[in-house]
Amino acid sequence: MLTELIRTDFEPDTREAVSRAVSALQAGDIVALPTETVYGLCADALDPVAVEKLFEAKGRPHFDPLIVHLPHKSSIHEVTEVPEELKKLVTQLIETFWPGPLTILLPKKPIIPDIVTAGLPTVGVRMCDHPVFHRVIKGFGNPIAAPSANRFGSLSPTSSPAVLSQLEGRIPMIIDGGACARGLESTIVRLHAAEPKNRIEIVRPGPITAEDLKKFGKVVFAERNEDVENSSPDAPGMLANHYAPRTPLRLLSSPEDFHPEEGKRYALVSYRGQEKDGYLQLHEWDEVSILSPGSGRVAEAGIRLFHVLWQLDQLGVDEIIAEPVPDRAVGKAILEKLRKAAIK
Ligand code: TXA
Ligand code: MG
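Using the working numbering, the first residue of the sequence shown is number 6, and each one after it goes up by one.
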C-alpha cells in the first residue's frame, strides 16, 4: 500500500486535506490525523469494519479498547449513558477541559460497536483540540475512534515523519498538521460518585494533571499491577510493554545507578541538561538530548519526550539512558512512559 502524506501548510491545501480525510472516513478507510496530544489513527467509530482496519494496521490486540473522539460536547449523550449522580461532575469537566486532552470513561450506549471497547461496558470519550482534526470531525459528523498512530507497543508519534517511520505502507493517508502541541497522550479518568466529594481516578496520567482536577473532586491514582496489566482487558491501556523505542532504554533513579559496559555506545536523555544534576559528566555520551532546555519544568519535558526518544532511536546507539524527572504534575506521565519503555 502506498502511504500518501498530505500537507496543511496553507489554507487552500488545508481545505483540500480536510476534504480528502472526510471522504476517506466516509468510505470506511483509516487516516492518520494530528491531534494536540499525539497523532491518531482514525476511523468511523460507528463502523466496526473500519475500526477493524485500525487494529490491523497497528498490530494491536483486540482486547485493548479505543478512545472515541466526539464532534461536539453534546455528542457525549449520543454515545454514553452519563449516570445521574455524575452528571454535574461530567458537565464541569467537559466545560473546563474540552476540547482538550481529558478522556472520560463512561458507560457506553449500544451505538458504539463492541470492537471499539473490546467488549467493555464503558467507552473512553474526549474532544480533541487541534484545528485540522476539528475541521475533519465537524465535516464528517460521526464520532471517530483513534488510537495513537504507532505500531502496537511502540513510541507514540508527535510528528508526521514519526508516523511514517512506523506505519508507511500500512495505511493509505497521513494528514500532516505539524508537531503536536501537548506531546503526551490524554489523561484518562474514571469517575466515582461519593459523599462528601466525588472521586476522580486517574487511570492514565497525562497533560491534565491531578492539580488541574482536584478542584472537581478527590483525585486518586489507579493502582498499578503489572500482572494484571499484561493480561487483563480491563487494565486500561496499561499493558506494561508500551511506548518502547527499538533501542533498549534504562531509567536511572540516581547517577550511581549507571555502570557503562566497555565498547557500548550510550545516549543520555537529560531532564534539564545541567551538570549539577550529576548525569552529564558521568560518561562521554554519544549523544545528549535535553527534555527541558528552557525553563527546566516538566511541562516542557512532556511536550518533547516522544520526539526526543524518536530522534535518539534513529542513532543506532546500544542503549538510551534516561535521567528521572520530578514525580509531580506532568512529570508523573513522563515517568510512567519511561518506566514502561524500560521494561523488556
Ligand atoms: O491523546 C490520546 O488519548 C490519543 C489521541 C490520538 O487521542 N489516543 C490514545 O489512544 O492515546 P491509545 O489507543 O493509544 O490509548 C488509549 C488507551 C488504551 O491503552 C486503552 O486501553 C485505554 O485508553 N482505554 C480505552 N478505552 C477504555 C475503556 N473503556 N476502559 C479502560 N481503558 C480504556
Ligand atoms: Mg497508544
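From the three backbone atoms N, C-alpha and C, an ideal C-beta is built for every residue, glycine too.
Just so it is clear, the structure is predicted and the values come from calculations on it, not from any experiment.
Contact under 8 Å by Cβ, residue i with residue j
i, j, result
"A48", "A55", "yes"
"L317", "P329", "no"
"L160", "F60", "no"
"T122", "L111", "no"
"I116", "L51", "yes"
"L218", "G307", "no"
"R131", "I72", "yes"
"E324", "R229", "no"
"V137", "P39", "yes"
"P210", "K337", "yes"
"L98", "F221", "yes"
"A198", "L107", "no"
Near the ligand MG: residue i beta-carbon under 7 Å from a heavy atom
i, result
"P265", "no"
"E89", "no"
"E41", "no"
"E280", "no"
"S300", "no"
"P112", "no"
"S297", "no"
"S294", "no"
"S161", "yes"
Residue i CB to nearest heavy atom of the ligand TXA below 7 Å
i, result
"V141", "no"
"L314", "no"
"L273", "no"
"G45", "yes"
"V128", "yes"
"L71", "yes"
"P106", "yes"
"H135", "no"
"E86", "no"
"A151", "yes"
"S191", "yes"
"L125", "yes"
"T122", "yes"
"H67", "no"
Residue range of the beta strand (DSSP E) that includes residue i
i, result
"E289", "Counting along the chain, E289 falls outside any beta strand (DSSP E), and DSSP gives it neither H nor E."
"P166", "Segment 165-172 is the alpha helix (DSSP H) holding P166; no beta strand (DSSP E) there."
"T122", "Segment 119-122 is the alpha helix (DSSP H) holding T122; no beta strand (DSSP E) there."
"G129", "127-131"
"L256", "254-256"
"D49", "45-49"
"A154", "From DSSP, A154 is part of no beta strand (DSSP E); its letter is neither H nor E."
"L111", "107-112"
"E206", "204-209"
Limits of the alpha helix (DSSP H) - the one that residue i falls within
i, result
"F138", "136-145"
"H312", "303-318"
"D18", "16-31"
"A198", "From DSSP, A198 is part of no alpha helix (DSSP H); its letter is neither H nor E."
"E190", "Per DSSP, E190 belongs to no alpha helix (DSSP H) and is neither H nor E."
"A338", "336-347"
"E216", "215-218"
Contact belief for residue i with residue j at Cβ below 8 Å, rounded distance in angstroms
i, j, result
"S275", "L285", "6 Å"
"A29", "P177", "7 Å"
"V303", "P331", "6 Å"
"R195", "T42", "Going by Cβ atoms, the distance from R195 to T42 rounds to 19 Å, so no, they are not a contact pair."
"P162", "Y44", "5 Å"
"A37", "A154", "4 Å"
"A26", "V168", "At roughly 14 Å, the Cβ-Cβ gap does not stay under 8 Å, so A26 and V168 are not in contact."
"S80", "P148", "6 Å"
"W290", "L273", "5 Å"
What are the start and end residues of each continuous beta strand (DSSP E) run of 3 or more residues lying completely inside the segment 55-93, in chain order? Under the rule that a run must span 3 or more residues, the beta strand (DSSP E) segments found entirely inside the segment 55-93 read 72-74.
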